[in-house]
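In our numbering, each residue carries its 1-based index in the sequence shown increased by 6.
Just so you know, even glycine gets a beta-carbon here, dropped at the ideal spot from N, CA and C.
In this text the structure is predicted, and so the values were computed from the model without any measurement.
Before any comments, here is the structure.
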Amino acid sequence: MLFADIELSQVFSTLASVGSLAVTAYFWLVRMRGERPRLTTHLVGLVKVDSAREFESKWDPVVVLRVAVLNLSTRPNVVLGARASVKLADGSWAPADARIGDGAQAFNIAPQVAEFRDITLELPATTKPAMPAESLEGMSWREALEPALGGRIVLRVELIALDGKTFTDEIAIQARTA
């Protein structure tokens, strides 16, 4: 008989080896997941909406955001730059020029911490709202930008890390209520 030849010590030894292998594999996978690069961007606040250039019927909006860049990994990470786009009223995305903070494009992020940075986005030329010039002059740039983008400002921020790895998040700035 097959089972009659197996001793209890052999069964215990085999079960202990299989259990040890399972526990080791589980902790190795958990650690590997924690070491994987993971950056996320969260809106802290809208610093300002301004205009870079203004023309007769169009203007070039500039949006400055205060964001928290979170490193959810157990290893440090480096942000080499940023790309951005803005959601237009028709639902399409238009590229925007993005600059991080005070001129230093690249920065290190320690493990499991947040870095607070300003991101300046120069949006593509946008049509001014169709209203009398007097009304437009009394309006803030944010109030003028919201109708052009369909009621709220939605931005896609893409952080560029080492080896070309990118981390993309959408940031929605709620429309002002009248």
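CB of residue i within 8 Å of CB of residue j, strictly
i, j, result
"V70", "K93", "no"
"Q74", "V50", "Per the sequence shown, residue 74 should be read as Ala rather than Gln. Against a cut-off of 8 Å, the Cβ pair of V50 and A74 comes out as a contact."
"T133", "S63", "yes"
"D103", "E128", "yes"
"A154", "A95", "yes"
Between the CA atoms of residue j and residue i - distance to the nearest angstrom
i, j, result
"G25", "L35", "15 Å"
"W65", "V119", "38 Å"
"N83", "Q111", "14 Å"
"E152", "R59", "18 Å"
"V17", "P43", "41 Å"
"F122", "P67", "23 Å"
"S57", "W147", "7 Å"
"E13", "S19", "10 Å"
"D124", "R105", "8 Å"
"K171", "E41", "14 Å"
"M7", "R81", "Note that M7 scores a pLDDT of 45, beneath 50, so its modelled location is shaky; the value from the coordinates is reported in the next line. Spanning the two alpha carbons is a distance of roughly 54 Å."
"L21", "G107", "57 Å"
"A28", "S15", "20 Å"
Residue i, buried or exposed, once every other Cβ within 10 Å from all chains shown has been counted against 16
i, result
"P101", "exposed"
"P117", "exposed"
"N77", "buried"
"T47", "buried"
"F33", "exposed"
"L45", "buried"
Cβ distance (whole Å) where residue i is taken to contact residue j below 8 Å
i, j, result
"L86", "I166", "5 Å"
With contact counted as at least three CB pairs below 8 Å, one residue from each stretch, are the stretch 159-169 and the stretch 77-94 in contact? Counting C-beta pairs with one atom in each stretch, the stretch 159-169 and the stretch 77-94 have three or more that are closer than 8 Å, which means they touch.
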